[in-house]
Each structure stands twice: as structure tokens, then as C-alpha cells.
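Read through the structure below, which is laid out as C-alpha cells, and then see the notes.
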Amino acid sequence: MARKAAGRPPEETLSLWKREQALLKTLVVDRDTEAWQRDPAFSGLQRVGGVDVSFVKGDSVSACASLVVLSYPELEVMYEDCRMVSLTAPYVSGFLAFREVPFLVDAVQQLREKEPRLMPQVLFVDGNGVLHHRGFGVACHLGVVTDLPCIGVAKKLLQVDGLENNALHKEKIRLLKAGGDSFPLMGGSGTVLGMALKSHDHSTKPLYVSVGHKMSLEAAVRLTHGCCKFRIPEPVRQADIRSRDYIRRTLGVQGAPALRPERSKKAQRPKACPQGASEEPAVEEPRPTPTPPGGLPRLPRTPPTPEHARRPLRPRFLAEERVVGRGCP
DNA sequence: GCGACAG
DNA sequence: ATCTTGTCGC
4 MARKAAGRPP EETLSLWKRE QALLKTLVVD RDTEAWQRDP AFSGLQRVGG VDVSFVKGDS
64 VSACASLVVL SYPELEVMYE DCRMVSLTAP YVSGFLAFRE VPFLVDAVQQ LREKEPRLMP
124 QVLFVDGNGV LHHRGFGVAC HLGVVTDLPC IGVAKKLLQV DGLENNALHK EKIRLLKAGG
184 DSFPLMGGSG TVLGMALKSH DHSTKPLYVS VGHKMSLEAA VRLTHGCCKF RIPEPVRQAD
244 IRSRDYIRRT LGVQGAPALR PERSKKAQRP KACPQGASEE PAVEEPRPTP TPPGGLPRLP
304 RTPPTPEHAR RPLRPRFLAE ERVVGRGCP
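Heads up: the first sequence runs through residues 4 to 332, numbered per the numbering used here.
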């Protein structure tokens, strides 16, 4: 059953959390520590990981924590771990790690024990690294605790240390031309806290990349771009997709009508471009798996990380993360 | 009261 | 974070 959201923690708790962040922050390494990070083609990099936590709709406690490992540079999923968890801490901006990190560490630890050869060489984290109120976001936290290189990838600018999503910022975004273009995010102290990155040619909204651990910002940005089929880097995107699918197959579609009326599917032809030369993401599209006629299979409640989470689902919108800008001149 | 607010 | 999926513009 859906549990209620925990309120904001007392100031005393937040003080303890701040102290822990300050302590762990001294352990962050914000430069390249691995040979592949300095290689122009990332030679030697074979496995990239992504983590995510997805939530059950009307429930601020139940969630699915996922860890995926993809091959590099192919970006094919080699490993997937999804499990239902009960979150204890509420979401408080600046303290995301205290809500999510314990379960992600568990997942890494599981991998370490069961399939150590699949351990990713770098982890993409949904959220910020040093671009943070106190310079220690969730990507730093997970990095220090697991000792893995980590990259923080946020979808929105955390307006901190003088950074603002204002007209100037938006203009800089507008000036980004091609995928891979970026500009620095300079904090009030004169430090570069991260980079706004146009993750592919047709992306309107940038990614906000910052150092998590054991990696330079330059390498982090370059690798992030190298892992983007769509706006969101594939490791995080796959972790997100798979954890959400896991929830849907475990709990069913929340709030959907018992019987969804059949909608007409004819005349749903994707609009072809008059000139035929339609634009595709820099990398070829992943193929959607066909929908099984029966709909979504159900799983028993909270099975411990089984292989079940690989069944085909209803096709997703391939355009979901793509900017629907000018496809046809 | 007002604005901010990663996920 | 979560809901939902047609539709508008190039």
C-alpha cells in the first residue's frame, strides 16, 4: 500500500548530513585517475554503468533502484539489476544522496560479489556532482562510497553559487551549435563547477555535467557526449527505462482505467519529410520490441532482482528524448 | 510573503 | 520524481 511522504527532516538531521558531506567531500578526486580517461578514443574503456531510482506513482516510499552496465562503445546492455526498495529519507534539495545512495551502493556491492567482471569502469549518475550547494552532490557521494569514477548528469540547472537559469544562460544555450558543444558553468568563487553540454545535434535542452569522482570535467563531458544516442546518456536512460518498466510489471499500471478503450491505430503513419532527408540522431536508433498481444505480464510482488525484467513491453515513443525540432528543411 | 526546488 | 500521448511546426 502507498505510504505517506516523510516530512522535511529536522534541522538537526540536516546538520548531521551536512557534516557527513563535508567529511566525504575531502575524499573526492576531481581529476583523471585511469589511463582510458586520457585516451582520445577512450581505449581501454569497455564497461559504462548507469544508476537510477524510479518511484511508484502515489507513493513516496516505494521505489525501484536500478544499476545497468553497458558495453562501450557499442552501448549494449550487459547487466541489469532492478529491485524494489523502501526509501526512508525524503527528498530535500541538496541532500538527494541520503535518499538514494544507500540502495545504489547495495546494487554495486551485489555486482561486486556476484559478477565482478562486469563492474563498470565509470558510473553515470542522475544528478549533480560537485555542482552542488556544498560541492558534494549525489554523484560525488556515490563515487566516494564505491570508489568508482562517477559522472554527474543533471537535466536541470541547479541554481547554486551564483548560477542562474536566466536570460544570459538561455542565450548561451541557444548559441550551442552541434552535439558536443558546451560552455562552462562558473560559480561565484571563480571555479568551474560543471559544463552545460548539448548532448546531440538536435537537442534544445542541455545536460549539466559535473565531476563526481576520479575523473576530470573534460573527460566527463567528452564521455557523456560519447554515450548519448538521445539527450540522456544511454547508461542513465537504460537504468531509468528499466526501473520504470520493472515497477509497471510488478505493480501494474497505476491509475489506468481497468479497460482502456481501443484507440484507432490507422493513419498513424509517421509523417515523412517532403524531401526525404530526415534527420536522425548521430547514432542509429534502437529498434523497439514488438508489443505482445496480452499486454503487460505481471510479476509477483517484490521478487528479489530476478531475470524476469527482460520481457518485451509496449513500444515506447522513440522520439521521447529527441528534440522534435526541424526535421525537414 | 516570496522565490526556489538535482531527483 | 510522477501522471499522459496527441499534436503542432519545420
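Cβ coordinates follow ideal geometry from the N, Cα and C atoms, glycine included. Because the structure is a prediction, the values reported are computed rather than measured.
In angstroms with no decimal places, state the Cα-to-Cα distance between residue i and residue j.
{"i": "leucine 151", "j": "arginine 247", "result": "25 Å"}
{"i": "glutamate 14", "j": "phenylalanine 98", "result": "12 Å"}
{"i": "valine 128", "j": "serine 219", "result": "15 Å"}
{"i": "histidine 205", "j": "leucine 19", "result": "43 Å"}
{"i": "histidine 228", "j": "leucine 126", "result": "14 Å"}
{"i": "leucine 210", "j": "arginine 120", "result": "30 Å"}
{"i": "tyrosine 94", "j": "phenylalanine 101", "result": "8 Å"}
{"i": "valine 104", "j": "leucine 171", "result": "34 Å"}
{"i": "glycine 52", "j": "serine 89", "result": "23 Å"}
{"i": "glutamine 112", "j": "proline 123", "result": "12 Å"}
{"i": "valine 194", "j": "aspartate 164", "result": "Note on identity: in this sequence residue 194 is threonine, with valine being the wrong assignment. Their backbone Cα atoms lie some 10 Å apart in a straight line."}
{"i": "asparagine 131", "j": "cysteine 143", "result": "8 Å"}
{"i": "glutamate 221", "j": "aspartate 35", "result": "9 Å"}
{"i": "leucine 48", "j": "aspartate 62", "result": "38 Å"}
{"i": "lysine 274", "j": "valine 108", "result": "Since pLDDT at lysine 274 reaches only 35, below the 50 mark, its modelled position is unreliable, and the value read off the structure follows with that caveat. Each residue's alpha carbon lies about 45 Å from the other."}
{"i": "threonine 1", "j": "threonine 253", "result": "Lying before the first or after the last residue shown, residue 1 is absent from the chain, which here runs from 4 to 332."}
{"i": "valine 156", "j": "leucine 26", "result": "23 Å"}
{"i": "proline 76", "j": "threonine 16", "result": "42 Å"}
{"i": "lysine 159", "j": "leucine 226", "result": "19 Å"}
{"i": "phenylalanine 58", "j": "threonine 207", "result": "26 Å"}
{"i": "glutamate 237", "j": "phenylalanine 106", "result": "21 Å"}
{"i": "arginine 11", "j": "valine 239", "result": "28 Å"}
{"i": "aspartate 42", "j": "valine 141", "result": "27 Å"}
{"i": "glutamate 116", "j": "cysteine 230", "result": "27 Å"}
{"i": "lysine 173", "j": "alanine 44", "result": "31 Å"}
{"i": "serine 96", "j": "arginine 251", "result": "27 Å"}
{"i": "leucine 166", "j": "threonine 91", "result": "31 Å"}
For residue i versus residue j, is the C-beta distance shorter than 8 Å?
{"i": "alanine 110", "j": "leucine 70", "result": "yes"}
{"i": "arginine 234", "j": "serine 213", "result": "no"}
{"i": "glycine 182", "j": "leucine 188", "result": "no"}
{"i": "cysteine 153", "j": "glycine 255", "result": "no"}
{"i": "lysine 175", "j": "leucine 78", "result": "no"}
{"i": "valine 64", "j": "leucine 73", "result": "no"}
{"i": "leucine 161", "j": "leucine 134", "result": "yes"}
{"i": "lysine 21", "j": "arginine 177", "result": "no"}
Looking only at its own chain, which residues have a Cβ that is under 6 Å from the Cβ of residue i, when we skip the five neighbours before and after it?
{"i": "phenylalanine 139", "result": "Gln24 and Lys28"}
{"i": "leucine 179", "result": "Lys201"}
{"i": "alanine 9", "result": "Pro93"}
{"i": "leucine 30", "result": "Val147"}
{"i": "lysine 217", "result": "Val32, Thr36 and Pro152"}
{"i": "arginine 50", "result": "Val72, Pro123 and Gln124"}
{"i": "leucine 145", "result": "Val104, Leu107, Val128 and Cys153"}
Take the Cβ of residue i as the centre, count every other Cβ of all protein chains shown within 10 Å, and call the residue buried at 16 or more, exposed below.
{"i": "aspartate 55", "result": "buried"}
{"i": "glutamate 83", "result": "buried"}
{"i": "asparagine 168", "result": "exposed"}
{"i": "serine 185", "result": "buried"}
{"i": "glycine 191", "result": "exposed"}
{"i": "serine 46", "result": "exposed"}
{"i": "glutamate 118", "result": "exposed"}
{"i": "aspartate 243", "result": "buried"}
{"i": "glutamine 40", "result": "buried"}
Ignore the nearest five residues each way along the sequence and tell me which others in residue i's own chain have a CB closer than 8 Å to its CB.
{"i": "valine 224", "result": "Ser185, Met198, Leu200 and Val212"}
Is residue i near the ligand ADP, going by C-beta to nearest heavy atom under 7 Å?
{"i": "threonine 227", "result": "The model on display carries no ligand, and the ligand ADP is accordingly not part of it."}
Spatial neighbours of residue i within its chain, please: CB distance less than 7 Å, with the 5 preceding and 5 following residues excluded, ordered by chain position.
{"i": "glutamine 241", "result": "Gly53, Val71, Leu73 and Val80"}
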